[in-house]
Amino acid sequence: MSDREVLYVNGRWVVPEEARLSPLDRGFTLADGVFETMVARGGDVFRLSDHLERLRQGASLLEIPLPAQEQLSAAILETLRRNDLPRSVVRLTLTRGVDTGRGLAVAGDASPTVVIRVTPHRAPETLPPGLRVVVAAARRNEASPLSRVKSLGYTEGVLARLEAHRAGADDAVFLNTAGRLACGTSSNLFLVQDGVLLTPPIEEGALPGIARRTILDLAVALGFSVVEQPLPSKALESAQEAFVTNVVTGPIPVVAVAGYPLSGGRAGPSTERLWRAYGDRAGY
Numbered sequence: 047m048s049d050r051e052v053l054y055v056n057g058r059w060v061v062p063e064e065a066r067l068s069p070l071d072r073g074f075t076l077a078d079g080v081f082e083t084m085v086a087r088g089g090d091v092f093r094l095s096d097h098l099e100r101l102r103q104g105a106s107l108l109e110i111p112l113p114a115q116e117q118l119s120a121a122i123l124e125t126l127r128r129n130d131l132p133r134s135v136v137r138l139t140l141t142r143g144v145d146t147g148r149g150l151a152v153a154g155d156a157s158p159t160v161v162i163r164v165t166p167h168r169a170p171e172t173l174p175p176g177l178r179v180v181v182a183a184a185r186r187n188e189a190s191p192l193s194r195v196k197s198l199g200y201t202e203g204v205l206a207r208l209e210a211h212r213a214g215a216d217d218a219v220f221l222n223t224a225g226r227l228a229c230g231t232s233s234n235l236f237l238v239q240d241g242v243l244l245t246p247p248i249e250e251g252a253l254p255g256i257a258r259r260t261i262l263d264l265a266v267a268l269g270f271s272v273v274e275q276p277l278p279s280k281a282l283e284s285a286q287e288a289f290v291t292n293v294v295t296g297p298i299p300v301v302a303v304a305g306y307p308l309s310g311g312r313a314g315p316s317t318e319r320l321w322r323a324y325g326d327r328a329g330y
């Protein structure tokens with residue numbers, strides 16, 4: 047295990063206090079960029095190719111030039127090697143860089159900024175106790191192409207978390223502009239009702255999450271009936287079980303909605319089963 051954290055910044059490996067980024071970088075001034083958060087065990091990144099493909103799609107949407115996948119993959123693996131952690135979270139940030147365009151205008155002469163950071167991953171050894179959630183006041187715009195990429199602009203999620211904390215909850219769930227369930231602040235949402243696993247489709251404003259895809263694959267393999275369909279907001283309150291997912295945490299049960307217990311205030315059996323299967327698949 048390395049004594050000091052090492053970052054990758056635009057082709058160089060540096061310790062944090064030596065890292066240099068321009069204050070004019072559009073990632074800083076305009077949140078003009080995309081990112082991926084991954085988990086690794088040693089030098090093995092869970093579903094690395096899927097993460098890099100989603101990064102490519104986001105960069106393509108924003109018209110940000112992206113280094114070759116092989117180059118990014120090599121940079122990630124070398125950053126993991128230099129930090130030498132048994133389990134880690136890998137954050138790759140891509141911005142448009144410093145552009146001579148004024149305001150929002152894109153001159154097209156920027157060199158993209160790439161930063162890779164590796165930090166310890168403390169994977170849960172037992173199923174987390176669960177989240178108390180509220181429904182956020184803000185709405186997720188399912189018509190926006192940005193709802194399908196991991197852009198740097200996460201302010202709505204930050205506001206929703208603050209709203210949840212003020213209400214004595216842990217997290218928030220977004221509805222879309224039609225008033226239907228979309229996702230969590232940094233997660234995908236799943237419900238269990240009468241033995242059926244339900245989740246909003248991507249078209250409803252849900253991010254195409256890597257953990258989401260993994261859970262859907264595992265659920266089919268385990269014999270669950272799986273349905274992706276639009277879900278009214280009341281479906282969350284009446285669900286027998288609910289959980290949220292992202293790659294860092296895996297599945298986390300939702301045990302209360304707006305102060306009212308869900309699933310008896312604890313994780314249900316389907317959530318526990320999928321949590322175990324996900325941990326085995328992801329190497330937790």
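Heads up: the sequence shown at position 232 corresponds to 278 in our numbering, and the numbers run straight through without jumps.
The beta-carbon is built from N, C-alpha and C at its ideal position, and this holds for glycine as well.
Owing to the predicted nature of the structure, the values given are computational and were not obtained by experimental measurement.
So Thr125 is in the alpha helix (DSSP H); what residue range does that whole segment cover?
-> In the DSSP annotation of this structure, the continuous segment of the alpha helix (DSSP H) that includes Thr125 starts and ends at Gln115 to Asn129.
Going by the C-beta, is Leu150 closer than 7 Å to any heavy atom of the ligand ADP?
-> Absence of the ligand ADP from the depicted structure is noted, as is the absence of any ligand whatsoever, leaving it without description.
Assigned exposure category for Ser68 - 16 Cβ within 10 Å defines buried = By the neighbour-count rule (16 or more Cβ atoms within 10 Å), Ser68 is not buried but exposed.
The region 129-137 contacting the region 156-169, beta-carbon criterion three pairs below 8 Å = Touching, yes, given that three or more Cβ pairs across the two stretches are closer than 8 Å.
Can you give me the start and stop residues for the alpha helix (DSSP H) that Gly325 sits inside?
-> Here the alpha helix (DSSP H) through Gly325 covers Pro315 to Ala328.
Going straight from the alpha carbon of His97 to that of Arg327, what length do you get?
-> Taking the straight line joining both Cα atoms gives about 16 Å.
The region 74-92 / the region 50-66 touching (three or more Cβ pairs under 8 Å) = Cβ pair count under 8 Å is below three, so no.
Alpha-carbon spacing of Gly203 relative to Ser232, whole angstroms = Across the structure, Gly203 and Ser232 are spaced so that their CA atoms are roughly 7 Å apart.
Where DSSP assigns a beta bridge to Ser134, which residues make up the other side?
-> BP columns for Ser134 point to Ala86 and Pro166.
Look up Thr260 in the DSSP assignment and say whether it is helix, strand or coil.
-> Thr260 falls in the helix class under three-state DSSP.
Any contact of the region 239-250 with the region 203-213, i.e. 3+ C-beta pairs under 8 Å?
-> No: the two stretches stay apart, fewer than three of their Cβ pairs being nearer than 8 Å.
Sort out for me which residues DSSP pairs Arg72 with in a bridge.
-> According to the DSSP secondary-structure assignment, Arg72 is paired through a beta bridge with no residue.
Continuous alpha helix (DSSP H) stretch holding Arg207: start and end = Here the alpha helix (DSSP H) through Arg207 covers Thr201 to Arg212.
Selected residue, minimal CA-CA separation from Ser284, among Tyr330, Phe236, Ile248 and Arg319 = Of the candidates Tyr330, Phe236, Ile248 and Arg319, Phe236 places its Cα closest to the Cα of Ser284.
Using the C-alpha atoms, what's the distance from Pro166 back to Leu126?
-> Straight-line Cα distance between these residues: approximately 11 Å.
Return helix, strand or coil for Arg350, following the three-state DSSP convention.
-> Outside the modelled stretch of the chain, which goes from 47 to 330, sits residue 350, for which no answer is possible.
CB Gly230 to CB Arg186, shorter than 8 Å?
-> Not a contact, by the Cβ cut-off of 8 Å.
Per-residue burial, Val219 [other beta carbons within 10 Å of its own, 16 or more giving buried] = Classification for Val219: buried.
Check each candidate in Val144, Ser119 and Gly88 and name the one with the smallest Cα separation from Ser95.
-> Minimum Cα distance to Ser95 is reached at Ser119.
Out of Asp145, Gln286, Thr260 and Gly310, which has the shortest C-alpha to C-alpha gap to Thr295?
-> Looking at the Cα atoms, Thr260 is the closest of the given residues.
Any idea what DSSP makes of Ala5, helix, strand or coil?
-> Past the boundaries of the shown model lies residue 5; the chain is included only from 47 to 330, so the question cannot be answered.
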